[in-house]
Amino acid sequence: MKENFLSAEHFAALNEEIRHWQQNANMRAMQQGDTETRRTLLDPQALEHLPNTAKLFTDRHFQRLVQYANGHRRLPFFNIEQIHHGVKAQQPADPQKNLHADTFHPTMKFWLYLDDVDDHNGPFNYIPGSNRLSYHRLKWEYRTSQQAHKNPDPLAARGSFRFSAADREVIGLAPPHAFKVKKNTLLIANTFGVHGRGQADPGSTRLALWGMGRTNPFIPFPGTGLDFFNRYQYEVLKWLKGRGF
Ligand SMILES: [Fe+2]
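Here the numbering used here is used: the first residue of the sequence shown is 1191, the next is one more, and so on.
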């Protein structure tokens, strides 16, 4: 966690341009339980219209932090993310509010918050030290993986395991920490660690710049970090989406 990550002037200008940017072509809405997540992909074409955001994403200090946390030199996909809590009262609970790991290997997510985050709009919860592959965690992962295909929770069945209080006890995990933070805080997480969205008031929202890096864990090389590949990955993503992946 890095508070006051940008200078006050840079943050104010970035905040202004993101909130007033009327470009919905790249926006995707995803409903999970009663929470709607809206993400707008910030590809190189979009960033031509967002100079203060581009200034952050090309800043070497920022890039090195996310590259280090991702264990790879390729930059993550950049997005604007807005979370809308409790949008449909009849829906089941948001599955991302259960404590979970994203997958079986280290992955990176970051948020640069444009709103203050507290109990009303769902702070990020994380169990300190749960990114470590301890002997108990490894044993638990192995046993859980053998039963996962029978799990009625489709997210757990696909490999994003959920951690009940009993599971956390077996692994020896600490209680989660809620990151109630001020705007202009940069948070970077290894989402192999146990985490979840905090509970939030229905109707509340939070806005952030968000990115995710999930590289194939079996590639032993850290990549090149060349700008060509960082730009080209958006073309690959669009190509895949155009074919329904
Ligand atoms: Fe997650």
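Heads up, the beta-carbon is just placed ideally off N, CA and C, and yes, glycines get one too.
Residues Ala1347 of the same chain have their beta carbon placed closer than 7 angstroms to that of Asn1341, with the five preceding and five following residues left out of the count. By a beta-carbon distance limit of 8 angstroms, Leu1237 contacts Phe1247. Their separation comes to about 7 angstroms.
Residue pairing by DSSP places Gly1386 opposite Asn1315 in a beta bridge.
No Cβ-Cβ contact shorter than 7 angstroms links Gly1383 with His1326. In this model, Phe1351 and Gln1336 are separated by some 12 angstroms (Cα to Cα). For the pair Lys1299 and Thr1381, the CB atoms are nearer than the 7 angstroms cut-off. Every beta strand (DSSP E) of 3 residues or more that sits fully in the stretch 1193-1275 is shown, in chain order, as 1217-1222, 1225-1231, 1267-1274. At least one heavy atom of ligand 1 sits closer than 6 angstroms to the Cβ of Asp1292. Nearest C-alpha to Phe1314 among Lys1370, Arg1358, Arg1263, Asp1417: Lys1370.
Residue pairing of Ile1378 in beta bridges, as defined by DSSP: Phe1300. In its chain, beyond the 5 residues on either side, Asn1420 have a beta carbon closer than 6 angstroms to the beta carbon of Leu1265. For Gly1432, the enclosing alpha helix (DSSP H) begins and ends at 1417-1432. Annotated three-state conformation of Arg1327 is helix, per DSSP. Beta bridge pairing from DSSP links Arg1404 with no other residue. Ligand 1 never approaches Thr1225 closely enough for any of its heavy atoms to be under 6 angstroms from the residue's Cβ.
In the structure shown, Val1277 adopts coil according to DSSP, grouped into three states. Met1191 and Leu1399 have their alpha carbons spaced roughly 15 angstroms apart. Residue environment analysis places Phe1411 among the exposed positions, since fewer than 16 neighbouring C-beta atoms fall within 10 angstroms of its C-beta. Ala1398 has Glu1271, Tyr1303 as its beta-bridge partners, per DSSP.
At least one heavy atom of ligand 1 falls within 6 angstroms of the beta-carbon of Thr1381. A contact is defined here as three or more CB-CB pairs under 8 angstroms, and the stretch 1197-1205 meets this definition with respect to the stretch 1228-1245. Here His1275 really is in contact with Asn1311; their C-beta atoms are around 7 angstroms apart, less than 8 angstroms.
CA-to-CA, the gap between Arg1218 and Pro1282 works out to about 21 angstroms.
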